[in-house]
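Peer 1: Right, I'll just put the structure down here and ask away after.
In the working numbering, the protein residues as written are 1230 to 1364.
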């Protein structure tokens, strides 16, 4: 059975299609994913998660080195880098387009979780609108 999302047909079992039509729990969630996460690496066609115009921002020069990504609702919306210090982690996130206040708050929570995991204070700085359309 096929399902069309954003003009692309994907093939699933019938139960999967029904599940596909419902919003997923946490679909609006924001995640800070590492550079080599399966969200992008697991697929040859990455268009479901990454708009074509942003590919060079994730893999500059198509060099095979994937940057860490900010994902909102299953779509890559930016990148992030970190600088680790003895007692803190400084995180700089660059969104491709302006993030909503809700997305910024979700990203702050994701980075705070990362800080707790690393047992360090996490500091977040967000630069909005660094994508090709905003240049």
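Backbone N, C-alpha and C define an ideal beta-carbon position, used for all residues, glycine too. Note that the coordinates shown come from a computational prediction; the quantities given were computed from them, not determined experimentally.
Rounding to the nearest angstrom, what Cα-Cα distance links residue 1351 and residue 1312 in this structure?
Peer 2: Each residue's Cα considered, the two are about 10 Å apart.
Peer 1: In three-state DSSP terms, what is residue 1316?
Peer 2: Three-state DSSP puts residue 1316 in coil, outside helix and strand.
Peer 1: Consult DSSP for residue 1250 and reduce its assignment to one of helix, strand or coil.
Peer 2: The predicted position of residue 1250 is uncertain, since its pLDDT is 49 and thus under 50; no value can be drawn from it.
Peer 1: So which of 1275, 1317, 1287 has the shortest CA-CA distance to residue 1307?
Peer 2: Comparing Cα positions, the closest option is 1287.
Peer 1: Buried or exposed, going by whether 16 or more other CB atoms sit within 10 Å of the CB of residue 1301?
Peer 2: Residue 1301 should be labelled buried.
Peer 1: Find out if the Cβ-Cβ distance for the pair residue 1310, residue 1320 is shorter than 9 Å.
Peer 2: Result yes, Cβ atoms of residue 1310 and residue 1320 sit closer than 9 Å.
Peer 1: For residue 1356, count the other beta carbons within 10 Å of its own beta carbon; 16 or more makes it buried, fewer makes it exposed. Which is it?
Peer 2: Classification for residue 1356: exposed.
Peer 1: What's the C-alpha gap between residue 1336 and residue 1261?
Peer 2: Taking the straight line from one Cα to the other gives about 7 Å.
Peer 1: Suppose the cutoff is 8 Å on Cβ atoms and the five residues either side in sequence are ignored; what does the same chain contact list for residue 1290 look like?
Peer 2: No residues qualify anywhere along the chain.
Peer 1: Cα-Cα, which of 1266, 1358, 1341, 1273 is closest to residue 1325?
Peer 2: Looking at the Cα atoms, 1358 is the closest of the given residues.
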